[in-house]
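Chains as they are written, first to last, in our numbering: chain A, 816 to 1487; chain B, 3 to 317; chain C, 13 to 497; chain D, 56 to 274.
Okay, so here's the structure we're looking at.
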Amino acid sequence: MSFAEVSATAAMVVGAVAIIAAFSIGDARRRALVTGVLTALCGFSGLLAASGVLATGRPVHAEFPHLLPFAGLSFRLDPLGAVFVLAVGGVVTAAAVYGIGYTRDHLSGRSFQALVPAFALTLLLVPAASSMGTFLVFWELMALTSLLLVLAEQRRSPEARDAAMWYGVMTHLGFIALLLMFSLLAAHSGNGSFLAIERSSSSMDPALRSLVFILAVVGFGSKAGMVPLHAWLPRAHPEAPSHVSALMSGVMVKLGVYGIVRVGFGLLGGGPSWWWVVLLVLGAASALFGILQAIASSDLKRMLAYSTTENIGLILIGVGAAGLFTTTGHPILAAAALGAVLLHVINHAAFKALLFLAAGSVVHGAGERNLDRLGGLMRRMPVTGAMFALGAVAIAALPPLNGFASEWLLLQSLIHGADSQALVVAIAVPLAIAVVALTAGLTAATFVKATGTGFLALPRSPAAEAATESPRSMLVGMGFLASVCVLLGVGVGVLGAGIGRAVAAVGGVRKPAPFRVHGSTLSPPWQVVGTSMALAAALVLGVGVIMVLLRFLPSGGRRRRADNWGCGRTQQTARMEYTASSFAEPLVRVFDDVLHPDLDIDVTHRQESQYYVEKIRLRLGIKDAFEERLYRPVLNGIHAWGIWARRLQNGSVHRYLGYAFAALIILLVATR
Amino acid sequence: MNTTRALVPILQLLLVFVGGPLIVGVIRKVRARLEGRVGAPIHQPLRDLRKLFAKERIAPEHASWVFVIAPAVLMTSAAVTAVLVPMVSTVSPFAQVSDLVTITALLLLGTVALALGALDPGTAFGGMGASREMTIAALTEPTLLLSVAAISILTGTTNLPGAINEIIDRPGSVSSIGYVLALVALGIATLAESTRLPVDNPNTHLELTMVHEAMVLEYAGPDLALVETGSSMRLVIFLGLLANLLVPWGIATGSGVAELAVGTLTFGLKIGVLAVALSVFEVFTAKVRLFRVPELLALSLVLSFLGVITSVVHP
Amino acid sequence: MLLLLVLLPVVPAAAAAIFGWRRWVGWLGVAASGLVVVGGGALAVHVLDDGPATFESLLRADALSAFMVIIVGSVAVLASWFSVPYLETELVNDLNSHRRATVYAFLINLFIATLVLAVLADNIGVMWVAIEGTTIASAFLVGHRRTRNSLEASWKYVILGSVGIVLAFLGTVLVAYAAANTAGGGAEPSLSWTALTEIAPRLDPDVMRVAVVLLFLGYGTKAGLAPMHTWLPDAYNQAPAPISALSSGALLPVAFYAIFRMRVIADLSIGPDFARVLLIVAGLLSLAVAASLLIAQRDYMRLLAYSSIEHMGIVALAAAIGTPIAMSAALLHLFAHGIGKSVAFFGSGEIALSDDSTRIADVRGLATRRPAIAVPFGLALLGLLGLPPFALFATEIAITRAGFSEGLGWIMAIAAILVLVIFGSVLLHAKQMLLGTPDEGVRGVETGKGFAGPLILGLAAFAALGISIWPIQHLLHEAARTLVT
Amino acid sequence: MSRSAYADLLNLLAGIALVAAVLTLWRRKLIAIVRLLAVQGAAVAAVGILIGIDNDSATEIVLASGALVLKAVVIPLVLLRVVRRGSETRETEPLVNVSASLVAAALLITIAFATTRAVVSLSDSPEAGVIPIGFAIVLVGFFALATRRKAPAQLVGFLLFENGVALVAVLAAAGVSSVVELGVSLDVLLAVLVLQVLTARMQDQFDSLDLDHLQELRD
């Protein structure tokens, strides 16, 4: 048994033991500890299995024909799946360790503790599935366990219940699309295994292949939080317990991307260019819409959820570009774009999970999620503050950290791909570059807002005032992810070979190889290694040198604490600070035709004179455009249909006999 | 032979570190002259810095480590960019790393650090400055990247020394409308990024109109000096980038010492000319209202996008 | 051996008649149903080894009927096990008289006996008599509570049921008539399945077409297929929970057993397309009716009834596809749905007892108030919505895949969309009942510990079927083979 | 008895049964409707006896005469007892007014004849010729069942419907063995008894036999 197989079986066994332990251990605190540790071990061995497969390139097989009636389970973890299992393993390890501290007091129920390892197991198994039945059963199990986890705190918050409703229905819509898609493929290829489908899918007629691709985009897009189907994401992720929303936002949405790549490139082996343009457009729309909603929202976890939609948009742009390059005959560029996509999948998993864990720590410490009521946490919760700041720098794609590495590679592949002869590429790719650039800028602004108003300056509410640092296990969880962000930022080469194998394993895309373009060699994705290594060293060195030099100044580097100058005003209070809404107000004003903010300001004057104002209250409500114009009418229509349909069963026995009579007459006449 | 290669980054660092305040002095001097004033000597900003470095270091009582580290990060990002951007010679140990996309990201890092530093003291003006600065930075980012895309599509690579060598060797490949559009857009972005006049008045005293100045109100002494030098170095880097892309001739392409001297001289000349042009431009334009700035940046975005389209269709 | 199986439930019925309702009479009923299941298993082993078993000319058992006996037996075990605490609670809180409990105990076992007879009958006439017997036996069970509504429900149940079943008898007569006048003439033509399947190709197509329509409408009524489904919501709403469970879990599958048998003869005599069109129309109509009436549903018992109509629609579609995989998926679907629906009905029965109302709006925060009821009920609902650990997930995937491989892709797509609407509506109603903060104290009756047994056994079986059907795989395959012409 | 006389007698009796069914649509009083039901029951049973005599098999004759007693005497008496105990003796305005019902009956008869053309053509025995009339009675009975407002009237409709099926069964009864025949009639008897008990219960709970009271169970 190879190293990968050993660690894969270890992951499954330890996961199962974790579930059993969650049910059997009596004492709540010990239960949280044991289950957390076991889940972390399960995640870590999943990580090892994935890295084993990536290192050797040999897939791991497993067959269980007797399980799952009529289909049987069959697993095959190939390098492409391994990249996603790598991300899952890492985030599961961190979230499990974090969970020990986070769920010690209020979420230590047996069922909740058992659901987390179950959810982790399904996340590990979905990329490893290699037949229609296996994939669908673990996809639906993943949806079910995450739905129950979102309901963990349903007693206290009605929003959690609504969120679970939206989430349940949207994921089932996705499941139905996937079921129809896989049935189409399996009907054509005879049996449900992915290898058979891959061999026979080229002989399907193009209209069916396009239908399969559209269904895949709908099914996987709804899970990934792509724009028209994203409504559940900003609702469900914030309501789930933080380490669960880290798992959901960090890696579960990525399995939607895995699906699109597996079906688009693997099973169907690429397709006409309009497929990829559709994906590009949807990705761009998701990126822009996601980041604009993120800027406008002042709820910390909701902002992070919307920023997940934005990052998924960037990834979809990468996948679309990769597909476009394969159709217009640039396999090496396609490999570079796909490499950027896989790198960003891992990077985003790391820093998004870190940000959600930090947000969870803020909620745990300060009990408040609204940025307008937080503040001053950097001094009260130094470690969480530092972790959040590090995550923010990473997500804003600023140099030393991993966000920059994948964004750099994505832009490289787009820029180098732009100058191809095909007209569709010449129009679509520059647009994509513009969207990626705009979202990069807006992301930076969003996370300055979040870090600045959330953590710096004076606390804006008593809850923030009384904030205390989170327990040690939460900090360890965050620390692990932070170190992953730094490691991937500085030494992305460690992943290079593995991602190369993953890209090659996808099929339809050639193995990435260095190529010369007008004088400079660009060997995706390794060239970014040199850049980020040197950059990180230079930056850290520079800051260190300057801080030391300041010591030798005449004033001896001692720092005097004094009152703010504030243009001559003393007596600084928290009410003078810029809040998240006011920080984002200029950008909301610039993009008001997309966000449709409904801003109402009511001013209460003093009785004596109309010119003296007693109180001004501003309320800024941002509605999700898609919800208002797309979901609301559909739901109202279905409800009206339900109300109308009550007439069918109105209780009169005569009407019921009338139905039977009419059926008899019609059938008799029809068969004559 | 490779000693000169190692010399280049240090030379460029010194050149930018000292040249930054000098250029600001030159701009103020030319501006004063045009407004009929004598104006302070060119090296006045250097004297101010010396004075500031001698003062004691002050921080607001409830500010966290972010306030302290922000100036250092701004200074480092400027210094690293200065080393990367080929100003005096295209031959340097970091040529492989010097990439247009990386440079824009480094500058964004400096802006983000300063904005966070401004938010930390918790004054109204710090928040206002940070909010406006980030808005402008968010809107100039696409322009920068698109013009970078246009240039690299035309010259075939995003690596800056490679691009400049390309322009020097085959000026024909660059002589298209796309290149001009890209540079015009880059120019507008430079004004916005270094908060010069049309976007923000550097020597205004009315807090409500400030963008950059409002952020640094709380800094004093050595921290203020670091911020000031950082900002001026960024201005020089932008002007150097523009100059080398517009008029690359004269930059040292080999590694001879003489070539290096010639390169430094021509770089100094080019920056001086640009600085004078900038100050003349500033005298004749007024500050644009904050909510007109997005329209200006939208114009530059469209220009750079057209630059990319035309450069793609052109070859 | 077959006669023994049919007579087994009669023993507790007789005991109830003689001694009236006692606890041990209830447990005797459970034991009898248990023996039916064991008998069914033994029968299955016997049939698989050396072919169908027969008893005179009346009873005959092949793989399909053995499987149906197992289905009827297992649902009967669950229902009679749940009836014991259910009746005890009713008697303790004097919601019902001792006499009616006796009638209940007598009739439920009679009901089970007629179901077993229907499945084992060799002659389509005898099968008809048995199924009509089930209607009569369950008529008073539906009217168990002697309220106005239960009277209305039982009136509609008998009228609509009998009309349908008499149409089926007309169809049976026409089949006999056609058999009598086949080209070959032949000896005294009996109505046994084997005889009919042999001469089916020579039956007169036009007469058979009318006969098939009548048989399909008749047995479709008992199977709850639209447009003959109207009795089902009222009957399940008013009947005591174990009876609704037994009817939904055993009666509907037995009616489908008749439809499957009839379809074999129809396919041989008039070609497969006629019956396929009928089944597709009925299936889609049932799904549409279930979907539209679940959206704004206000009563959770009726919700479960419409869910039964939905699942019968899915089984009809599977039967329409007709491939061996689709047929075995349909049979497993009937089995799993029977068990899952029984657990759901038991849960709703407990809720009705504890909250004294069957309206969804009156039940709030059940998960916090009564986890012992809420958890099994919720899990059963999730299973019925086709979520993985439970069996309906695997069957729905197999049916959809078989549908696409038979070229019925569009129909499967429409069905899938309707199932999605149903998923959303049921999830919404379940959220209304189970989640949230409970309001004031207990209104209805305190339900004791006795109820947990059948719920847990049912859920375990429901999940086990979903994970692996290894033990009954061979039986299922044989049963499906008999149904495919 | 000569073949033609036997065929004419069969047609006559079946015709009487059909006319009785159609007349129930016309009459308004419940008692009159029950009497018509008795007439129809007698006619159907007579057909059974006639066929029994024709095949000269003793069991068929015994069975048919038993059915005669049951359908012509026992069931109508039980129904009359319930109707007299109840207050209203008149059928209120039925769902479909009388003239429309009669037109519908005519239409249904044509449909019955059309659908059973294949059945008649299959065998040339005199009984086969009468089957379409049996079918017509089935459809008219179903229509009556579906449109009457009063419970006893609906019960009568059901019995008409069932008599039609019994007639078809007797006519086409070559293969249906005696055991099944016995089971069928037993089941029908039980069904009628159950409906009888329910009607009685409806009488004391709603103290009216109008089916419009039975409309609370709705969605």
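For every residue, glycine included, the Cβ atom is placed at its ideal position computed from N, Cα and C.
task = Determine, using beta carbons only, whether residue 171/C comes closer than 8 Å to chain D.
result = Taking the third sequence and counting its residues from 1, one reaches residue 171/C at position 159. Chain D contact via Cβ: present.
Note to self: Residues of chain A with CB closer than 8 Å to the CB of residue 443/C, please, in chain order.
What the structure shows: Here residue 443/C corresponds to residue number 431 of the third sequence, with the count starting at 1. Within chain A, the residues near residue 443/C are 976, 979 and 980.
Check: When you compare only the Cα positions, how much space is there between residue 92/C and residue 223/C?
Finding: As a first step, residue 92/C must be located in the third sequence, where it is residue number 80. As a first step, residue 223/C must be located in the third sequence, where it is residue number 211. Whole-angstrom Cα-Cα distance: 37 Å.
Run down chain C in chain order and give the residues with a C-beta less than 7 Å from the C-beta of residue 194/D.
-> Numbered from its first residue, the fourth sequence carries residue 194/D at position 139. The contacting residues do not exist; residue 194/D stays about 11 Å from chain C at best.
Exercise for review: Determine whether the Cβ of residue 1156/A lies closer than 8 Å to any Cβ atom of chain B.
Suggested key: Here residue 1156/A refers to the residue found at position 341 of the first sequence. Residue 1156/A does not count as touching chain B.
Q. Which runs of the alpha helix (DSSP H) fall wholly inside the stretch 244 to 307 of chain B and span at least 4 residues, in chain order?
A. 259 to 286
Closer than 8 Å to chain D by CB, residue 320/C = Here residue 320/C refers to the residue found at position 308 when the third sequence is read from its first residue. It does not; no Cβ of chain D falls within 8 Å.
_Buried or exposed, going by whether 16 or more other CB atoms sit within 10 Å of the CB of residue 94/C?_
Reading the third sequence from its first residue, position 82 is the one you call residue 94/C. Buried is the call here.
Which of the residues in the stretch 1452 to 1467 of chain A, read from start to end, lie with their CB under 9 Å from any CB of chain D?
1460, 1461, 1462, 1463, 1464, 1465, 1466 and 1467
ask   = Does DSSP classify residue 1008/A as helix, strand or coil?
value = Counting from one through the first sequence, the residue named residue 1008/A turns up at place 193. In this structure, residue 1008/A counts as strand in the three-state DSSP scheme.
Checklist entry - Between which two residues does the beta strand (DSSP E) containing residue 889/A stretch? => result Indexing the first sequence from 1 puts residue 889/A at position 74. First-last of the beta strand (DSSP E) with residue 889/A: 888 to 892.
### Query
Among 84/D, 195/D, 141/D and 158/D, which has the Cα closest to the Cα of residue 262/D?
One-based indexing of the fourth sequence puts residue 262/D at position 207. With distances taken between Cα atoms, residue 262/D lies closest to 141/D.
Query - For residue 402/C, the three-state DSSP class (helix, strand or coil) - result: Within the third sequence, the letter at position 390 stands for residue 402/C. Residue state, collapsed to three classes: coil.
Is the beta carbon of residue 1051/A closer than 8 Å to that of residue 1121/A? Taking the first sequence and counting its residues from 1, one reaches residue 1121/A at position 306. Taking the first sequence and counting its residues from 1, one reaches residue 1051/A at position 236. Against a cut-off of 8 Å, the Cβ pair of residue 1051/A and residue 1121/A comes out as no contact.
Does residue 502/C pass the burial test, meaning 16 or more other C-beta atoms within 10 Å, or should it be called exposed? Since the first and last residues shown for chain C are 13 and 497, residue 502/C lies out of range.
State the Cα-Cα distance for the pair residue 1258/A and residue 83/B, rounded to the nearest angstrom. On the first sequence, position 443 is the one that residue 1258/A refers to. On the second sequence, position 81 is the one that residue 83/B refers to. Going from the Cα of residue 1258/A to the Cα of residue 83/B covers about 22 Å.
Q) Does any residue of chain A bring its CB to less than 8 Å from the CB of residue 169/D? A) Counting from one through the fourth sequence, the residue named residue 169/D turns up at place 114. Chain A contact via Cβ: present.
inquiry  = Using only the alpha-carbon positions, how far apart do residue 1336/A and residue 157/B sit?
reply    = What you label residue 1336/A is simply residue 521 of the first sequence in a count that begins at 1. What you label residue 157/B is simply residue 155 of the second sequence in a count that begins at 1. Since pLDDT at residue 1336/A reaches only 42, below the 50 mark, its modelled position is unreliable, and the value read off the structure follows with that caveat. So the alpha carbons of these two residues sit roughly 14 Å apart.
Quiz prompt | Length of the line joining the Cα atoms of residue 1427/A and residue 1417/A | solution = The residue you call residue 1427/A lines up with position 612 of the first sequence. The residue you call residue 1417/A lines up with position 602 of the first sequence. Each residue's Cα considered, the two are about 14 Å apart.
Backbone secondary structure at residue 458/C - three-state DSSP = On the third sequence, position 446 is the one that residue 458/C refers to. Reduced to three states, the DSSP call for residue 458/C is coil.
For this session: Could you tell me if residue 787/A is buried or exposed, where buried requires 16 or more neighbouring beta carbons within 10 angstroms of its beta carbon?
Result: In the structure displayed, chain A extends from 816 to 1487; residue 787/A sits before or after that span and is not available.
Separation of residue 218/D from residue 20/C, as counted between CA atoms:
Against the third sequence, residue 20/C aligns to sequence position 8. Against the fourth sequence, residue 218/D aligns to sequence position 163. Approximately 35 Å between the Cα atoms of the pair.
Quick check: the Cα distance between residue 8/B and residue 255/B, rounded to an integer number of angstroms? Numbered from 1 along the second sequence, position 6 holds the residue referred to as residue 8/B. Numbered from 1 along the second sequence, position 253 holds the residue referred to as residue 255/B. Their Cα atoms are separated by approximately 14 Å.
message: In whole angstroms, give me the CA-to-CA distance for residue 13/C and residue 347/C.
response: As a working mapping, residue 13/C is identified with position 1 in the third sequence. As a working mapping, residue 347/C is identified with position 335 in the third sequence. Looking at the two C-alpha atoms, the distance is approximately 23 Å.
Test item: CB-CB of residue 885/A and residue 330/C under 8 Å: Position 70 of the first sequence, counted from the start, is the residue given in the question as residue 885/A. Position 318 of the third sequence, counted from the start, is the residue given in the question as residue 330/C. Not a contact, by the Cβ cut-off of 8 Å.
Q.
Taking a contact to mean a Cβ-Cβ separation below 8 Å, would you say residue 1186/A touches residue 1113/A in this structure?
A. The residue labelled residue 1186/A in the question sits at position 371 within the first sequence. The residue labelled residue 1113/A in the question sits at position 298 within the first sequence. A contact, by the Cβ cut-off of 8 Å.
Check your understanding: Unbroken beta strand (DSSP E) runs of length 3 or more, entirely within the stretch 342 to 412 of chain C: which are they?
Key -> none
Check: Going along the stretch 872 to 896 of chain A in order, which residues come within less than 7 Å of chain C, judged by CB to CB distance?
Finding: 881, 882, 883, 884, 885 and 886
Which class does residue 1217/A belong to by DSSP, given the choice of helix, strand or coil?
Mapped onto the first sequence, residue 1217/A falls at position 402. Three-state DSSP puts residue 1217/A in a helix.
(request) Name the residue from 61/D, 62/D and 104/D whose alpha carbon lies nearest to the alpha carbon of residue 116/D. (result) Position 61 of the fourth sequence, counting from 1, holds the residue named residue 116/D. Here the closest residue by C-alpha is 104/D.
Using only CA atoms, which one of 1107/A, 1225/A and 1206/A lies nearest to residue 1158/A? As a first step, residue 1158/A is located in the first sequence; it is residue number 343 there, counting from the start. Closest option to residue 1158/A, judged by alpha-carbon separation, among 1107/A, 1225/A and 1206/A: 1225/A.
- Query: Would residue 851/A pass as a contact of residue 944/A if the rule is Cβ separation under 8 Å?
  - Reply: Locating residue 851/A in the first sequence gives position 36, where the first residue counts as 1. Locating residue 944/A in the first sequence gives position 129, where the first residue counts as 1. No, the Cβ-Cβ distance between residue 851/A and residue 944/A is not below 8 Å.
request  = Write down the C-beta distance between residue 411/C and residue 338/C rounded to the nearest angstrom, noting that I regard them as a contact closer than 8 Å.
outcome  = Taking the third sequence and counting its residues from 1, the one referred to as residue 411/C is at position 399. Taking the third sequence and counting its residues from 1, the one referred to as residue 338/C is at position 326. Right, their Cβ atoms sit about 6 Å apart.
Length of the line joining the Cα atoms of residue 179/C and residue 221/D
In the third sequence, the residue the question calls residue 179/C occupies position 167. In the fourth sequence, the residue the question calls residue 221/D occupies position 166. Roughly 11 Å separates the two Cα atoms.
Is there a C-beta anywhere in chain A that falls below 8 Å from the one on residue 157/D?
Translated into the one-based positions of the fourth sequence, residue 157/D becomes position 102. With respect to chain A, the C-beta atom of residue 157/D has no partner C-beta closer than 8 Å.
- Item | Rounded distance between the beta-carbons of residue 215/D and residue 76/D, thought under 8 Å | Numbered from 1 along the fourth sequence, position 21 holds the residue referred to as residue 76/D. Numbered from 1 along the fourth sequence, position 160 holds the residue referred to as residue 215/D. Right, their Cβ atoms sit about 5 Å apart.
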